[in-house]
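Following: one structure in structure tokens, then a few remarks.
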Amino acid sequence: MASERYNARVTETRWQKAWDEAKVFATANDDPRPKYYVLEMFPYPSGRIHMGHVRNYAMGDVVARYKRARGFNVLHPMGWDAFGMPAENAAMQNKVHPKSWTYSNIATMRDQLKSMGLSLDWAREFATCDVAYYSRQQRLFLDFLDKGLVTRRKSKVNWDPVDMTVLANEQVIDGKGWRSGATVEQRELVQWFFKISDFSEDLLTALDGLDRWPEKVRTMQRNWIGRSEGLRVRFQLDGAVPEGQDFVEVFTTRPDTLFGMSFLALSADHPLTTALAATSPEIAAFVEECHRMGTSAAAVETAEKRGYNTGLVVRHPFLDAVFPVYVANFVLMDYGTGAIFGCPAHDQRDLDFARRYHLTVTPVVLPEGADPTTFAVADEAYTGEGRIFNSAFLDGHSVAEAKEMVAHRLETATLGQAPQGTRQVNYRLRDWGISRQRYWGCPIPVIHCDSCGVVPVPRKDLPVALPEDVDFDRPGNPLDRHPTWKHVSCPVCAAPARRETDTMDTFVDSSWYFARFTAPDADDPTIPEVADAWLPVDQYIGGIEHAILHLLYSRFFTRAMKVAGHVGLDEPFRGLFTQGMVIHETYRAADGSWVSPAEIRIEAGETGRRAYRLDTAEEVTIGAIEKMSKSKRNTVDPTEIIESFGADTARWFMLSDSPPERDVEWTDQGAQGSSRFLQRVWRLVGETAEIAPPPGTPVPDVLAPAALTLRKAAHRTLAAVGEAIETLRFNVALAKIYELVNALGSAIANERAAFAAPGEAAALRETAEILVKLMAPMTPHLAEECWHVLGNGEMLAMSPWPELVPALLVEDEVTMPVQINGKKRADVTVPRDADAATVEKAALALEAVQRALEGKAPKKVIVVPQRIVNVVA
RNA sequence: GCGGGCGUGGUGGAAUCGGUAGACACAAGGGACUUAAAAUCCCUCGGCUUCGGCCUUGCGGGUUCGAUCCCCGCCGCCCGCACCA
35 MASERYNARV TETRWQKAWD EAKVFATAND DPRPKYYVLE MFPYPSGRIH MGHVRNYAMG
95 DVVARYKRAR GFNVLHPMGW DAFGMPAENA AMQNKVHPKS WTYSNIATMR DQLKSMGLSL
155 DWAREFATCD VAYYSRQQRL FLDFLDKGLV TRRKSKVNWD PVDMTVLANE QVIDGKGWRS
215 GATVEQRELV QWFFKISDFS EDLLTALDGL DRWPEKVRTM QRNWIGRSEG LRVRFQLDGA
275 VPEGQDFVEV FTTRPDTLFG MSFLALSADH PLTTALAATS PEIAAFVEEC HRMGTSAAAV
335 ETAEKRGYNT GLVVRHPFLD AVFPVYVANF VLMDYGTGAI FGCPAHDQRD LDFARRYHLT
395 VTPVVLPEGA DPTTFAVADE AYTGEGRIFN SAFLDGHSVA EAKEMVAHRL ETATLGQAPQ
455 GTRQVNYRLR DWGISRQRYW GCPIPVIHCD SCGVVPVPRK DLPVALPEDV DFDRPGNPLD
515 RHPTWKHVSC PVCAAPARRE TDTMDTFVDS SWYFARFTAP DADDPTIPEV ADAWLPVDQY
575 IGGIEHAILH LLYSRFFTRA MKVAGHVGLD EPFRGLFTQG MVIHETYRAA DGSWVSPAEI
635 RIEAGETGRR AYRLDTAEEV TIGAIEKMSK SKRNTVDPTE IIESFGADTA RWFMLSDSPP
695 ERDVEWTDQG AQGSSRFLQR VWRLVGETAE IAPPPGTPVP DVLAPAALTL RKAAHRTLAA
755 VGEAIETLRF NVALAKIYEL VNALGSAIAN ERAAFAAPGE AAALRETAEI LVKLMAPMTP
815 HLAEECWHVL GNGEMLAMSP WPELVPALLV EDEVTMPVQI NGKKRADVTV PRDADAATVE
875 KAALALEAVQ RALEGKAPKK VIVVPQRIVN VVA
């Protein structure tokens, strides 16, 4: 037995079948044990799984199997984020229907995932493109509509000219579409919106309670929501004012700098601008120019601050003075009021603008220690703290006091029957535009009627199912050009009407799947009691790239579902973990083309590592270590790894070495190292099985030193591994397991005779069983096989976590380092409960200490019980 | 520019309520077994050393009996956001 190599492929298939047949991982909703919901972000069915999936799902499976062994009723489901563009691209390129492309990919990837031996409840599986799923999503849409959480309005949208669809702000990265990479244009379209901004404040403040989320993600969300407190200030306009536009309002977070004002600027899209443009060709031309300016990061960065003087002026609220009104290209319409007052001395943008148009720059905040008679602003605006000056009644006050004083004065003053100032909180977060001009998505369930307007599809008429007979010959939306699908009669007046042909952003699909998993077959979107019993997800694991989009949308959706009565909580994810990427070396041929790892061999010689093509023996350049990607061809196919090494090796390697939140480099040597280690465990367990007494043999209370030492090591490891898994520090857990295996290996090799007696041998068995149980979450197949080699009948997957014997963690004697002036010079071994005086005496008696003291008394001796002794000479 | 994070051997990393720096692994070198290879096992492995020790956690200071850990100032790298008034 011990000499046989472990055959991963045969063993893994066998245990996967056995677990499946015994329904070990099926989860019942009425199980009375405490619940634990572990979820990994579900995959997009692109065709094949990649190493990133292996890492992600290996981590989740460790948590799931561990919690199951600890007695929890674990929910660990899997599904498919199955709507989206690639299916339509495939349809265009390969003449395959998005539906068959998607479901065939799912079938492949399901098999691949199953070969990993994940402890998933496959009975709960669904794809978001299942009619059964998206019909419930349509019901949620209608519920949200009823609750006023959905609106429809004309808006400027980010238009992706390649994908020919609209993108949310969050989906525009550096001015480019997040999927296509094409430069995004601005267009005006009528769009459906989820009113996520209704929850801005709550989404922000609730972040404080998400203490099991990475701080980084919370910070990113805080920045994204972008709360700012300020004042809305009303100004009186003078000059050739258009009819009915006597006032203009600005939003400012710096009312304290009002006395430093030198101009007022309007957005090109401000109503007043529009009114002025109607009679002024010059203004109209300037507005046109602003619109042409791109919104890409590059365009914004290089764009100069430019403006057009309208000839209008505004009156200062406190001073007897007027200031020019400009239309400026840097003022955004959709933030604040679309107008600002410019204080060049204390705002860099305003300063740039003022310099260009030779406007006055009056400093009103004096930095600490600066001289008020000489302080001036040159090229850099002063945005720091200080005392207000040049500001009449504000002089001498702090920035905070001045803000408050101005706010108070203006909100109690009246200008044209309205308060001159209003305190206001602004958010950067905008409503979530969900309309997409695509086929492969969830249809928005509304009907447009010429006489009744927008009419929701009655719930009895759901689902609004996607038609299957569509073509992808041309760009644009196949639903829109389908000959019959969109033609329906109005549910209200029965007149001919048209279906909405936009579908929902696919981020909608992933915003509630975690809730659907709790009752995947329910007629309603959820069964609220069941959802509330399972949610929140105790541990959610996925990539950092979803820090804002998916996670913020899901937080909104949970709140919206609460309003609509589908769940009873606000926050869907109690614990969040963002794992790092899998990276790999890159290789390039002489012609610059990328070469995949499978096509090369590496030679390590005197001159370092060199790589050669397998087919032509031509040398290739070893490049940077980068994220695995198809474009750089530096991917490793999980299926090939699983077929050659086994799933356990792939899982083990993905969990070893690197901390899970950091990137991990896939190397062939690393994989082989993991494989070697698992073979070693197999051999050691085999040898243990030969000399160990039958299962259940009690371990005597009194053991010989060798057995006791080993037993203590096993329990120490048990405690350490449990803690490491709880805190998701898998690399640390694995290192502790390595140590235990080294201890077991050396015990068997060097002290075999010490384990001859049955009692001592029982300790050997106990150690092997603990080892196997500790490895089970990471390498479940090997562990299960070892468990049975050790003679156990019941499946390990159903067995509880080992019982810790706390007494074994306590040593009778402790060896403490002895420092002299902070540097370690010796060790002293004392009874564990020795008092400080005893320890001090023992330490001072040491030869090294005596030598250092040269007969003198120590100045001071610090004894930290059970930790350290420091002698100050 | 703003915000956040990180700098430890050849490499990935371990050790933080301030208490033995370098666990564990990979790579490398040496040895055993073998006709040979694979597999396996054993040893060495931060630097310097006059073999007593000395130096070493990006750099420079500080606090402390004691600093990878706390404080101040630099340097470097990574990530996120960015005309948000």
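Numbering (our numbering), first residue to last: 35 to 907.
Note that the Cβ used here is the ideal one computed from N, Cα and C, for glycine as well.
Mapping DSSP to helix, strand and coil, what is residue i?
i           : result
residue 192 : strand
residue 527 : coil
residue 315 : helix
residue 331 : The predicted model places residue 331 with a pLDDT of 40, which falls under 50 and marks its position as unreliable, so this point remains unresolved.
residue 210 : strand
residue 471 : coil
residue 222 : strand
residue 673 : helix
residue 48  : helix
residue 875 : helix
residue 478 : coil
residue 483 : strand
residue 521 : strand
Could you tell me which of the options sits nearest to residue i, measuring between CA atoms?
i           : options            : result
residue 901 : 886, 248, 800, 868 : 868
residue 533 : 497, 550, 852      : 497
residue 848 : 864, 826, 812      : 864
residue 721 : 206, 239, 775      : 775
residue 241 : 184, 506, 581, 103 : 581
residue 723 : 515, 789, 540, 680 : 789
residue 647 : 658, 631, 472      : 631
residue 156 : 478, 873, 205, 53  : 53
residue 39  : 802, 717, 772      : 717
residue 418 : 424, 410, 402      : 402
residue 663 : 618, 678, 540, 267 : 618
residue 120 : 752, 563, 540      : 540
residue 875 : 146, 703, 895, 177 : 895
residue 753 : 708, 844, 736, 783 : 844
residue 893 : 379, 244, 905, 152 : 905
residue 266 : 354, 453, 359      : 453
residue 426 : 680, 625, 294      : 294
residue 780 : 801, 766, 768      : 801
residue 910 : 508, 853, 398      : The shown model of the chain, from 35 to 907, leaves out residue 910, and the question about it has no answer.
residue 767 : 794, 738, 805      : 805
Less than 8 Å between the C-beta atoms of residue i and residue j, yes or no?
i           : j           : result
residue 449 : residue 439 : no
residue 590 : residue 237 : yes
residue 142 : residue 108 : no
residue 936 : residue 345 : Residue 936 lies beyond the residue range present for the chain, which begins at 35 and ends at 907; the question has no answer from this structure.
residue 840 : residue 105 : no
residue 654 : residue 670 : no
residue 883 : residue 877 : yes
residue 291 : residue 377 : yes
residue 114 : residue 161 : yes
residue 917 : residue 792 : In the structure as shown, the chain begins at 35 and stops at 907. Residue 917 is therefore absent and cannot be evaluated.
residue 478 : residue 537 : yes
residue 553 : residue 560 : yes
residue 259 : residue 461 : yes
residue 320 : residue 342 : yes
Could you round the C-beta distance between residue i and residue j to whole angstroms and report it? I think they count as a contact, below 8 Å.
i           : j           : result
residue 587 : residue 474 : In fact, because the Cβ distance is near 19 Å, the residues do not count as touching under 8 Å.
residue 271 : residue 285 : Not a contact, Cβ separation roughly 17 Å.
residue 233 : residue 593 : 5 Å
residue 681 : residue 112 : So it is not a contact: roughly 15 Å between Cβ atoms.
Does the region 83-98 come into contact with the region 607-617, if we say contact requires no fewer than three beta-carbon pairs (one atom in each stretch) closer than 8 Å? With a cut-off of 8 Å, the region 607-617 and the region 83-98 count as touching, because enough Cβ pairs lie within range.
Inter-stretch contact at 8 Å, needing at least 3 Cβ pairs: the region 123-137 / the region 92-108: With the rule of 3 Cβ pairs closer than 8 Å, the region 123-137 does not count as touching the region 92-108.
With a threshold of 8 Å, are at least 3 pairs of Cβ atoms found where one atom belongs to the region 358-376 and the other to the region 293-304? The answer is yes - the region 293-304 touches the region 358-376, with three or more Cβ pairs under 8 Å.
Three or more C-beta pairs closer than 8 Å, one from the region 386-395 and one from the region 303-318: is that the case here? No: fewer than three Cβ pairs fall under 8 Å.
Quick check: the region 563-583 against the region 62-78, are at least 3 beta-carbon pairs closer than 8 Å? The region 62-78, when compared against the region 563-583, does touch it at the 8 Å Cβ threshold.
Examine the Cβ distances between the region 121-131 and the region 502-511 and report whether three or more of them are shorter than 8 Å. Contact between the region 121-131 and the region 502-511 is present, because at least three Cβ pairs lie under 8 Å.
May I ask you to verify whether the region 188-197 touches the region 212-222, counting CB pairs closer than 8 Å and requiring at least 3? Enough Cβ pairs lie closer than 8 Å, so yes.
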